[in-house]
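Q:
Protein chains: 2
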Amino acid sequence: MKQTGDLALMKKINKSIVMERIRHESPTSRARIAEKTGLTKATVSSLVAELISSDLVEEIGAGQSRGGRKPMLLLFNCSAGFAIGIDLGTDEITSILTDLNGRIVSESTVRSDNTNVDTAISALKACIGDLIKQAPISRYGVIGIGVGIPGFSDEQGNILFAPNLGWENIGLQAILEAEFAIPVVIENEANVGAVGEKRFGSSQAAASLVYVSIGAGIGTGIMLKEELYRGAFGYSGEMGHISIHHDGKPCRCGNLGCWELYASEHALIQEARAVYRDPTLDLDTLLKYAQAKETKALQLFTQHGRYLGIGIVNIINSLNPDRIIIGGRLALAEPWLVASMIEVVNKRSLPYPRAHLSIQFSTLGSKATVLGACSIAISRFFSSTKVWVE
Amino acid sequence: MKQTGDLALMKKINKSIVMERIRHESPTSRARIAEKTGLTKATVSSLVAELISSDLVEEIGAGQSRGGRKPMLLLFNCSAGFAIGIDLGTDEITSILTDLNGRIVSESTVRSDNTNVDTAISALKACIGDLIKQAPISRYGVIGIGVGIPGFSDEQGNILFAPNLGWENIGLQAILEAEFAIPVVIENEANVGAVGEKRFGSSQAAASLVYVSIGAGIGTGIMLKEELYRGAFGYSGEMGHISIHHDGKPCRCGNLGCWELYASEHALIQEARAVYRDPTLDLDTLLKYAQAKETKALQLFTQHGRYLGIGIVNIINSLNPDRIIIGGRLALAEPWLVASMIEVVNKRSLPYPRAHLSIQFSTLGSKATVLGACSIAISRFFSSTKVWVE
DNA sequence: GATACTTTGTAAATTGATTAAACTAACAAA
DNA sequence: TTTGTTAGTTTAATCAATTTACAAAGTATC
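Take a look at the structure:
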């Protein structure tokens, strides 16, 4: 939201700047913040005093002298409040409670048939209620709930369409906020994963990051600078439905030859079942075969890596991110996928966009989604005010 | 650049807000600006006074009363300075001089073999020198030069790589700034076209716009909100090198089955030359054939529209823009391309992202590039300070 | 141990842009 | 002529940051 400049905005900006420093460079001192931000020592002192009185910052005693008076060290009080993050899958709900630093306090996974809206919402409410009860007493209590969903949502937290759940037009944010009176954010699962990787993974310095979530289909979350790119109406990131074969197999989305028909976990399993003539084969089994160095399994993964690479080349050429993260359960197959994938990327992508790029498999694993959901909730709580001058 | 909040920033923000209003809603009055922006009448008065004394705004007399005292109408003084926009093609240079509203004062197109760096730079300097001489006397003179290039550049205005020119690592911005002592911006041709369409075309309200420039290859410029998306290192937008056929024809970029091998002007002409068995056939001739309703030409365009559609589906699914503009010389073929293109888009793209989308052919034609280049130069001059509160 | 110098943090006075409220100016409608 | 509305200015108050000064608490050096 664009707005005019007044003293309140000024203070909000500077308070955010100070808060960010303390959150991310804790412990630090008033003098050091003043030095790094360009604010005067007096301003920093006054803002820090307010942050202390609102329990977001604590003094933890004197630090080492740098040749003069010892600094009073300031710490971010990450226990001033707690956040809840949810991953709403098709047949289970994963939920975590974290402190304001994203450190997990409590977690749970329950099975639930989420294709039924009523069942799912009851289960969701139960999970959230449980975590709220477990939250330690704190100044601000549970400050927000973030929910990652396998589908599209708008800025008001309505689920517009979630194909794998069969949901359409469900005002989930409103329902949960009415129940708990806590701010709720609804966001696509891949978008949430992107935020999680950016904030808690190994990509915190990345300027632009694409998170590729591989499951039944392929979803992608795009982060530009510190912001999630949501497209014009919240439908961005369906890179799984980029056609890599314009007259290939028909996809249920209406297109032909979509990437996810070749490179999703589902596609791999289908192929593996055909090769092994075993209609019940699942990913875990296939991983075991690969670990045992079975030729057929290794070949399947090698081919799958190639398909992954083909789509990743499209991402590189079109968006030129400096970091691509492969997430979802298929990230477990990294050892057997990575070589052929990288080979395709190196052979096919434009050299300049590739030059500063790093491709990694998720280190957060299944935690990326729930952590990202918490992170979004926490960010909303701090609602950091930033000014960019072009 | 992120920065702290102080009184100077506050004023800069508000002055920009007032200036933007006057630029885009001219003529208007102090009272109306106050009403629409939320600033007080006193603040607006004070800022307008400064803008008037710096010659960017003029009073042009009283307007119509709305039931009380007549308002004093304020006009953006678009002749306070002038901007130069350049389109650096492979074999010609198009350049224009505009006022601060982007209205063209003077224009020229000269042929020049730009594959030779020295020749090209001399020709560029000559063009710019000519236009500077033609600029009317004004308070700020020529306030900036924008150059659209068929290649990649970094934020410092170095041309990193321009395949069709054969240029690599040329510090064009530095060279031109040293010569003319005027701020210079270097930007990819498709990016510049996107800015031109957004600012001067029929897409000024679009929240996110993708401009598809079809020529020898296919380039794309992506605008999110009011900002150009440049990727991590300035290499974004090479959607022409998204593969639509993963084991298709090899492209000189190293990839297989790139979209531009099927849907560029070059691809169309190659195909047409084969069909007509005429190795000298060009686009103008083919357009004439189509106008004369020749079956072979009509079929060629119909097929080409399908290929265009296939790539556009990829753009829709991955980025969910609310506006796509097809530009470049091939936009002239709209009447014979559009039906088959739209048919493919409607059949293949995801229904939700498609719902609020509008696809149009460029109305600015070849002017999009030079106008966009001017627009970027003008934006830099106003260096508008925008505040986003998240 | 005394002195000089540094660094940390607070206090008081100053600055400057916005706001709020009051006011002048100008006009329409009855 | 009166009443009410709109346009724009003036004046005083506000408030967050800055400037300047200074106190507190340390190190380094002779």
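Top line first, the protein sequences correspond to chains A and C. So the number in this note's numbering is just where the residue sits in the first sequence, counting from 1, plus 209. So the number in this note's numbering is just where the residue sits in the second sequence, counting from 1, plus 209. Beta carbons: idealized from backbone N, C-alpha and C, even for Gly. From a predicted model like this one, the values you see are computed outputs, not experimental measurements.
1) Can you find a CB in chain C that lies within less than 7 Å of the CB of Cys462 (chain A)?
2) Step through the CB atoms of chain A and report whether any lies within less than 7 Å of the CB of His454 (chain C).
3) Within 7 Å of any Cβ in chain A, is that where the Cβ of Ser445 (chain C) sits?
4) In terms of alpha-carbon separation, which member of C:Leu465, C:Thr213, C:Leu496, C:Leu381 lies closest to Ile295 (chain C)?
5) Please compile the residues from chain C whose C-beta is within a distance smaller than 7 Å of the C-beta of Leu248 (chain A).
6) Using a cut-off of 9 Å between C-beta atoms, extract the partners of Lys556 (chain A) located in chain C.
7) Would you decide whether Ile533 (chain C) is buried or exposed? Buried here means 16 or more other CB atoms lie within 10 Å of its CB.
8) Leaving out the 5 sequence neighbours to the left and right, which residues in its chain are closer than 7 Å to Asp264 (chain A) when beta-carbon positions are compared?
9) Applying a beta-carbon distance threshold of less than 7 Å, which residues of chain A neighbour Val522 (chain C)?
10) Measure how close the beta-carbons of Val609 (chain A) and Ser411 (chain A) come, nearest whole angstrom, since I'm counting them as under 8 Å.
11) Under a CB-based cut-off of 7 Å, is Met448 (chain A) close to chain C?
12) Taking Ile358 (chain A) as the reference, which of A:Leu465, A:Thr429, A:Asn529, A:Leu306 has the closest Cα?
13) Using a 10 Å radius around the Cβ and a threshold of 16 neighbouring Cβ atoms, would you call Glu244 (chain A) buried or exposed?
14) Determine the direct distance from the alpha carbon of Leu573 (chain C) to that of Leu539 (chain C), and round the result to whole angstroms.
15) Against Pro392 (chain C), what residues of chain A qualify as contacts under a CB-to-CB distance less than 8 Å, listed in chain order?
16) Are the segment 505 to 519 of chain A and the segment 547 to 554 of chain A in contact at 8 Å, needing three or more beta carbon pairs?
17) At which residue ranges does the segment 225 to 303 of chain A contain complete beta strand (DSSP E) runs of 3 or more residues, listed in the order of the chain?
18) Helix, strand or coil for Gln569 (chain C)? Go by DSSP, reduced to three states.
19) Checking contacts by CB at 7 Å: is Ile535 (chain C) closer than that to chain A?
20) CB-CB under 7 Å to Arg320 (chain C), same chain, minus the five flanking residues each way: which ones, in chain order?
21) With a threshold of 7 Å between beta carbons, is Met281 (chain C) in contact with chain A?
22) May I ask you to report which of helix, strand or coil DSSP gives Met210 (chain C)?
23) Please classify Arg320 (chain A): does DSSP put it in a helix, a strand, or coil?
24) Can you list, in chain order, the residues of its chain whose CB lies under 8 Å from that of Ala332 (chain A), leaving out five sequence neighbours each side?
25) Just verifying my parser: in three-state terms, what is the DSSP assignment at Gly350 (chain C)?
26) Just the C-alpha distance for Pro280 (chain C) and Val314 (chain C), rounded to the nearest angstrom, thanks.
27) Which chain A residues sit within Cβ distance under 7 Å of Ile395 (chain C)?
28) Determine the closest residue to Ile231 (chain A) out of A:Ile242, A:Asn223, A:Ile222, A:Lys221, with distance taken between C-alpha atoms.
29) Evaluate Thr252 (chain C) with the Cβ neighbour count: other Cβ atoms within 10 Å of its Cβ, from every protein chain shown; 16 or more gives buried, anything less gives exposed.
30) Specify whether the segment 519 to 530 of chain A and the segment 395 to 411 of chain A touch according to this definition: at least 3 beta carbon pairs, one from each stretch, less than 8 Å apart.
31) Measure the alpha-carbon distance for Leu681 (chain C) versus Ala415 (chain A) and round it to whole angstroms.
32) What does the alpha-carbon distance come out to for the pair Phe291 (chain A) and Ser417 (chain A)?
33) Does Met550 (chain C) come within less than 7 Å of chain A when only Cβ atoms are used?
34) Give a yes or no on whether the minimum CB-CB distance between Met228 (chain C) and chain A is below 7 Å.
35) To the nearest angstrom, how far is it from the Cα of Ala335 (chain A) to the Cα of Gly366 (chain A)?
36) Which value, in whole angstroms, describes the spacing of the CA atoms of Thr237 (chain A) and Pro530 (chain A)?
A: In short:
1) At a cut-off of 7 Å between C-beta atoms, Cys462 (chain A) counts as an interface residue with respect to chain C.
2) yes
3) yes
4) C:Leu381
5) Thr213
6) Contacts between Lys556 (chain A) and chain C, judged by CB atoms closer than 9 Å, involve Gly463, Asn464 in chain order.
7) buried
8) Asn286, Ala289, Arg348
9) Ser452, Asn464
10) Lying outside 210 to 599, the shown extent of chain A, residue 609 (chain A) is not represented and no answer is given.
11) yes
12) Out of A:Leu465, A:Thr429, A:Asn529, A:Leu306, A:Thr429 has the C-alpha closest to the C-alpha of Ile358 (chain A).
13) Around the beta carbon of Glu244 (chain A), a 10 Å sphere encloses fewer than 16 other beta carbons of the protein chains shown; the residue is thus reported as exposed.
14) 13 Å
15) In chain order: nothing, as chain A lies at least about 13 Å away.
16) yes
17) DSSP assignment within the segment 225 to 303 of chain A yields the following whole beta strand (DSSP E) runs of 3 residues or more, N-terminal first: 266 to 271, 281 to 285, 291 to 297.
18) Note: Gln569 (chain C) maps to strand in three-state DSSP.
19) Cβ-Cβ to chain A under 7 Å: no for Ile535 (chain C).
20) Asp300, Glu301
21) Contact of Met281 (chain C) with chain A is not assigned, every C-beta pair being separated by 7 Å or more.
22) Here the model assigns Met210 (chain C) a pLDDT of 43, short of 50, so the residue's position is not dependable, and the following value carries that caveat. Three-state DSSP puts Met210 (chain C) in coil, outside helix and strand.
23) It is a strand residue.
24) Ile302, Val319, Ser321, Asn323
25) Of the three classes helix, strand and coil, the one that applies to Gly350 (chain C) here is coil, per DSSP.
26) If you take the alpha carbons of Pro280 (chain C) and Val314 (chain C), they lie about 31 Å apart.
27) Within chain A, no residue comes near Ile395 (chain C); the closest Cβ sits about 15 Å away, beyond 7 Å.
28) A:Ile242
29) Around the beta carbon of Thr252 (chain C), 16 or more other beta carbons sit within 10 angstroms, so the residue counts as buried.
30) no
31) In the structure as shown, chain C starts at 210 and stops at 599, and residue 681 (chain C) therefore has no counterpart that could be examined.
32) 28 Å
33) no
34) Not an interface residue.
35) 20 Å
36) 32 Å
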